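Protein sequence lines, in the order shown, are assigned to chains A and B. Each residue of the first sequence is one higher than the one before, starting from 0 at the first, in numbering that gives the first Met the number 0. Each residue of the second sequence is one higher than the one before, starting from 0 at the first, in numbering that gives the first Met the number 0.
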Amino acid sequence: MTETQPLFKGLKCRECDKAFPAEVLYVCDACFGPLEVDYRYDAIADRISRETILSRAANMWRYRELLPVAGPVTVGEDVGYTPLVKAERLARALGIREVYVKNDTVNYPSLSFKDRVVSVALTRARELGFDTVGCASTGNLANSVAANAAHAGMTAYVMIPSDLELGKVLGSFVFGAHVIGVDGTYDNVNRLCSEVAGQHGWGIVNVNLRPYYAEGSKTMGFEIAEQLGWKLPDAVVTPMAGGSLICKIDKAFREFVKLGLVDDHPARIYGAQAAGCSPIVNMVKEEADWVRPIRDPKTIVKSLAIGDPADAPYAAATMRQTGGWGENPTDEETVAGIRLLAECEGIFAETAGGVTVAATRRLVESGKLDPDGTVVLCITGHGLKTKEAVADEFRTLSAIRPTLADFNAYLETLNKEQVACP
Amino acid sequence: MSVTVRIPTPLRNLTDGAETVEGSGATVGEVIADICASHQGLRDRLYDDGGAIRRFVNVFLNNEDIRFEQGPDTAVKDGDELSIIPAIAGG
Numbered sequence: 000m001t002e003t004q005p006l007f008k009g010l011k012c013r014e015c016d017k018a019f020p021a022e023v024l025y026v027c028d029a030c031f032g033p034l035e036v037d038y039r040y041d042a043i044a045d046r047i048s049r050e051t052i053l054s055r056a057a058n059m060w061r062y063r064e065l066l067p068v069a070g071p072v073t074v075g076e077d078v079g080y081t082p083l084v085k086a087e088r089l090a091r092a093l094g095i096r097e098v099y100v101k102n103d104t105v106n107y108p109s110l111s112f113k114d115r116v117v118s119v120a121l122t123r124a125r126e127l128g129f130d131t132v133g134c135a136s137t138g139n140l141a142n143s144v145a146a147n148a149a150h151a152g153m154t155a156y157v158m159i160p161s162d163l164e165l166g167k168v169l170g171s172f173v174f175g176a177h178v179i180g181v182d183g184t185y186d187n188v189n190r191l192c193s194e195v196a197g198q199h200g201w202g203i204v205n206v207n208l209r210p211y212y213a214e215g216s217k218t219m220g221f222e223i224a225e226q227l228g229w230k231l232p233d234a235v236v237t238p239m240a241g242g243s244l245i246c247k248i249d250k251a252f253r254e255f256v257k258l259g260l261v262d263d264h265p266a267r268i269y270g271a272q273a274a275g276c277s278p279i280v281n282m283v284k285e286e287a288d289w290v291r292p293i294r295d296p297k298t299i300v301k302s303l304a305i306g307d308p309a310d311a312p313y314a315a316a317t318m319r320q321t322g323g324w325g326e327n328p329t330d331e332e333t334v335a336g337i338r339l340l341a342e343c344e345g346i347f348a349e350t351a352g353g354v355t356v357a358a359t360r361r362l363v364e365s366g367k368l369d370p371d372g373t374v375v376l377c378i379t380g381h382g383l384k385t386k387e388a389v390a391d392e393f394r395t396l397s398a399i400r401p402t403l404a405d406f407n408a409y410l411e412t413l414n415k416e417q418v419a420c421p
Numbered sequence: 000m001s002v003t004v005r006i007p008t009p010l011r012n013l014t015d016g017a018e019t020v021e022g023s024g025a026t027v028g029e030v031i032a033d034i035c036a037s038h039q040g041l042r043d044r045l046y047d048d049g050g051a052i053r054r055f056v057n058v059f060l061n062n063e064d065i066r067f068e069q070g071p072d073t074a075v076k077d078g079d080e081l082s083i084i085p086a087i088a089g090g
């Protein structure tokens, strides 16, 4: 094995194991199953250790042997290694012994976990010869592709449902990307994007680059394990849209165990979706083998509103096999979840974060999640992107005159005992 | 009924590179069976061993997912367009 030989052999069908070269492929031509990266774990084991990881900069590329790029990192060198926040006040509010928040609201550069997948996808896209990239997105991915493509000097076409939050639309336009609003659901956008990928020869990160792209999510799991002191938690609660992240967090834990970087420990993986679009949670609750797609998602949680999630069967299997479960709180619970996290920990999450907090509350109340364990909440995007969700929660800001008398009079009207979080 | 069927990239090696082929039948299932009969190898790709359409194959009739209609029994009419799309994308 030379230094330049990639630590991955190629791609492999997750369903039928058929092998493919590490090219621009994502579907098995024999059975239509998804292709996954096939690593040389023996060679990786010789190259990676806690010491090598600790000697590297604090970004997601400290685990580079477990990411599918052949050469140097050319896009997103500073992504990842977000804080794992010990959330004592939130833990008390939820009735859980120990809670950590994996805070990807401050992921660089576009304030969501999607920067992890995009840095891998665009670095690999360049290796494969693309200078134009794109995606189908519910918002965060579009923001990340637009931002990272701008920094890399690549052309970006991002496709989104036209009714997304203003912050997510502007958050793509501002980087100079071609933003294509589509009249329809995310699933309509995704289907269009699949056809575009076949026609224009672009690198669509979550279509024809998907096997590489998806691996980037593992870094969230690697970081959780490292930041807990090279330990796996008892439970992780993660939001689900397409269902990829939840699978990759579990895969990250399994890879760290396989490579001897952490001791094996049963980490239960829990998934959260919004009540108005919860096809994967429905699968778990109904013990179904196959997903029943949702035609018209109805929820404020637009970032998770995927009615026909590509990884649904694998996400459901991850929850089942690890002893986890799924929950699907209402929009009202989601808004309360956003406020609870903000008021307890000073972290402003987008709607998907509110769903994750609210789902955790439900899981504790139903006894599905052991409150005596160490629980990690994956908070995947920043609240300033979805301000609309909480805008009506607060009174309109009124003004006082700039006098001490007015200030003191105003203070009299306040309930100073008000404490949102116990 | 004559229906245009859009072929996804991974299957175009079975249609001599053609993006669309013509099929006939009264239902979605019949049209797909018809194009399988005229293009060798297509049946094995689209159907599992039990004779059902594979779970990672999505079929759209005029932009509507047939799972929201009557599945393979959904009726077709002249000039309709069927699209065969790999399920594994997005998210």
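The beta carbon of each residue, even a glycine, is placed where N, CA and C say it ideally should be. Note that the structure is predicted; figures quoted are calculated from it, not measured.
query                                                                                                                 : result
Between the CA atoms of R54 (chain B) and G323 (chain A) - distance to the nearest angstrom                           : 24 Å
Contacts that R42 (chain B) makes with chain A (C-beta to C-beta distance below 7 Å)                                  : Ordered by position in chain A, no residue passes the 7 Å Cβ test against R42 (chain B), which lies about 13 Å from the chain.
For D114 (chain A), the three-state DSSP class (helix, strand or coil)                                                : helix
For F112 (chain A), the nearest candidate out of A:T131, A:R91 and A:V144 (CA to CA)                                  : A:V144
Own chain, CB closer than 6 Å to E14 (chain A), minus 5 neighbours either side, in chain order                        : C30 and G32
According to DSSP, residues forming a beta bridge with F19 (chain A)                                                  : A:L10
Opposing strand residues paired with M158 (chain A) [DSSP bridges]                                                    : A:A135 and A:I179
Cβ of I305 (chain A) within 9 Å of any chain B Cβ                                                                     : yes
At least three beta-carbon pairs within less than 8 Å, the segment 82-97 of chain A to the segment 119-139 of chain A : no
C-alpha gap between G78 (chain B) and Y80 (chain A), whole angstroms                                                  : 54 Å
Pick from A:I203, A:A304, A:N147 and A:I95 that is closest to R294 (chain A), judged by C-alpha positions             : A:A304
As assigned by DSSP and simplified to three states, the class of N57 (chain B)                                        : strand
Minimum C-alpha distance to A390 (chain A) - residue among A:A213, A:F347 and A:Y25                                   : A:F347
Where the beta strand (DSSP E) through A56 (chain A) begins and ends                                                  : That residue, A56 (chain A), is in no beta strand (DSSP E); it is neither H nor E in DSSP.
Candidates A:L231, A:C377, A:L208 and A:A196, of which the one nearest V117 (chain A) by Cα                           : A:L208
Cβ neighbours of R39 (chain A) in the same chain (closer than 7 Å, five flanking residues each side left out)         : L6, F7 and K8
Buried or exposed (CB count within 10 angstroms, at least 16 for buried), F406 (chain A)                              : exposed
Chain A contact for G70 (chain B) (CB, 9 Å cutoff)                                                                    : no
8 Å contact criterion, which K11 (chain A) and E50 (chain A) should meet: CB distance rounded                         : The pair is not a contact, with the Cβ atoms about 30 Å apart (cut-off 8 Å).
Residues of the segment 0-23 of chain B whose Cβ lies closer than 7 Å to any Cβ of chain A, in chain order            : P7, T8 and P9
Helix, strand or coil at K85 (chain A) [DSSP, three-state]                                                            : strand
Test: S82 (chain B) CB closer than 9 Å to a CB of chain A                                                             : yes
The segment 239-251 of chain A in contact with the segment 215-231 of chain A per 3-pair CB rule at 8 Å               : yes
Min CB distance S118 (chain A) to chain B below 9 Å                                                                   : no
Given A141 (chain A) as reference, the closest of A:A21, A:V23 and A:G380 once Cα atoms are compared                  : A:G380
Within chain B, the residues that P292 (chain A) reaches when beta carbons sit closer than 8 Å                        : D64, R66 and F67
Min CB distance E2 (chain A) to chain B below 9 Å                                                                     : Residue placement at E2 (chain A) is poorly supported in this model, since its pLDDT is 47, which falls under 50; the coordinates are not used for a value here.
Against chain A: residues of the segment 25-53 of chain B by CB proximity under 9 Å                                   : D43, R44, L45, D47 and R53
Contact test: R46 (chain A) Cβ vs the ligand MG heavy atom, cutoff 8 Å                                                : The ligand MG is not part of this structure, which contains no ligands at all.
Candidates A:P160, A:N187 and A:D263, of which the one nearest I179 (chain A) by Cα                                   : A:P160
Chain B contacts made by the segment 19-51 of chain A, where a contact means CB separation under 9 Å                  : L24, Y25, V26, C27, D28, A29, C30, F31, G32, P33 and L34
Residues that T267 (chain A) bridges to, as DSSP identifies them                                                      : Note on identity: in this sequence residue 267 (chain A) is Arg, with Thr being the wrong assignment. The partner list for R267 (chain A) (beta bridge, DSSP) reads A:A234.
Whole-angstrom C-beta distance between P238 (chain A) and I279 (chain A), which should lie under 8 Å                  : Not confirmed; about 11 Å, so no contact.
Paired residues, beta bridge with K101 (chain A) - DSSP                                                               : A:L83 and A:C377
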